[in-house]
Each structure stands twice: as C-alpha cells, then as structure tokens.
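Visitor: In the working numbering, the protein residues as written are 106 to 258.
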Ligand code: ADP
Ligand code: MG
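Right under this line is the structure:
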C-alpha cells in the first residue's frame, strides 16, 4: 500500500505498537531514506519511548511503558561474525522485549516468526509491503492491512 508522507509511515509504527506482543521481531527492508527509522520512531513513540537513529551504534535500547525495544541497524555491520558480539540472538530470543531490525536482509538473522516490512521509494511517496511469517508475524501483517485499508477512503 502507498504511504503518502512521513506521517503515514509513523502511523504504521503506531498501529503496530497497539498490536505487538513482547518477543516479536520486525524486519525493516528498504534503501537509504526509505523510511525505516521513521517507522521505528512512530512505533517507539506510541509505546511511550523515544527512538533515535542507530546507524552509528548498531543497537539502541529503548525503555518504553510496555517493554524494551531493541532497535538494530545492520547497515554498517561488515561481518556476520560481529552479530555474535552484538548479542543479536539473545535480543531476538528474549521474550520480554521486541526487536526491530533495519537492513534485516543483509545477513541471515531472522527468527522463523517475524513481520517483514519492505519500504520502496515511489516518487515522493513510499510503497509498503507487509509479509507475516509465523503466528505473530501473520497476525501483525493482517492487523496492519485491516487498519490501513480501513483508513483509506
Ligand atoms: P531509512 O531509515 O530507511 O534510511 P529514514 O526514516 O531515516 O529512512 O528517512 C526517510 C526520509 O523519508 C525522511 O526524511 C522522512 O521524513 C521521509 N519519509 C518517511 N516516510 C515517507 C513517506 N511515506 N513519504 C515521503 N517521505 C517519507
Ligand atoms: Mg535508518
């Protein structure tokens, strides 16, 4: 579906914030400037936290009202072995928080159950494709689709 502006991208994060359960992983796929961090800002903001861009830190940890959010950006990660130092597996397996991973397709990091969000530039707007794999991922994808279609007129 088309996200016409930045507010629409944030709103996707806000919708997900209402439906997401701890222990969930979201993969964010898309070029530089596609809106991945914008979406995380909407998600974390709606949970009562404050997100920043982790491009230089690889991992940011945000406390929120409901659970911790680990915001991971693999853009600058060069070797798959560094994932071990990051402790990514522990974050993904942790049932008390959620993981949101920018450039998640760069390495083979995703758990079986996840929501994949792909953002593609389309003129001045963005096209979002949501694909759920596994029970949590599928539920989030259908919730998102329902909410976004319901708001179209
Ligand atoms: P990424 O993390 O994918 O590199 P960012 O979220 O940092 O991208 O930046 C995306 C840029 O595009 C920001 O300037 C943001 O305001 C803008 N943007 C986000 N979503 C949309 C949208 N749906 N339509 C137009 N511009 C958008
Ligand atoms: Mg980013």
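The beta carbon of each residue, even a glycine, is placed where N, CA and C say it ideally should be.
To the nearest whole angstrom, what separates the beta carbons of residue 130 and residue 233, a pair I think is in contact under 8 Å?
Guide: That belief does not hold up - the Cβ atoms of residue 130 and residue 233 are roughly 18 Å apart, past 8 Å.
Visitor: On the DSSP bridge list, what partners appear for residue 202?
Guide: Bridge partners of residue 202: 173.
Visitor: Taking the straight line between their C-alpha atoms, what separation do you get for residue 165 and residue 211?
Guide: Rounded to whole angstroms, residue 165 to residue 211 spans 18 Å at the Cα level.
Visitor: Would you say residue 128 and residue 148 are within 7 Å of each other, going by their C-beta atoms?
Guide: Not closer than 7 Å, so no.
Visitor: Could you give the distance in angstroms between the alpha-carbon of residue 125 and the alpha-carbon of residue 199?
Guide: Approximately 15 Å, taken between the alpha carbons.
Visitor: Does the Cβ of residue 178 have 16 or more other Cβ atoms within 10 Å, making it buried, or fewer, making it exposed?
Guide: Buried.
Visitor: Using a Cβ-Cβ cut-off of 6 Å (strictly less than) and excluding sequence neighbours within five positions of residue 123, which residues of its own chain qualify?
Guide: For residue 123, where only same-chain residues beyond five positions count, there are no Cβ hits under 6 Å.
Visitor: Label residue 241 either buried or exposed according to how many other C-beta atoms from any shown protein chain fall within 10 Å of its C-beta, with 16 as the threshold for buried.
Guide: Looking at its Cβ environment, which holds 16 or more other Cβ atoms inside 10 Å, residue 241 is buried.
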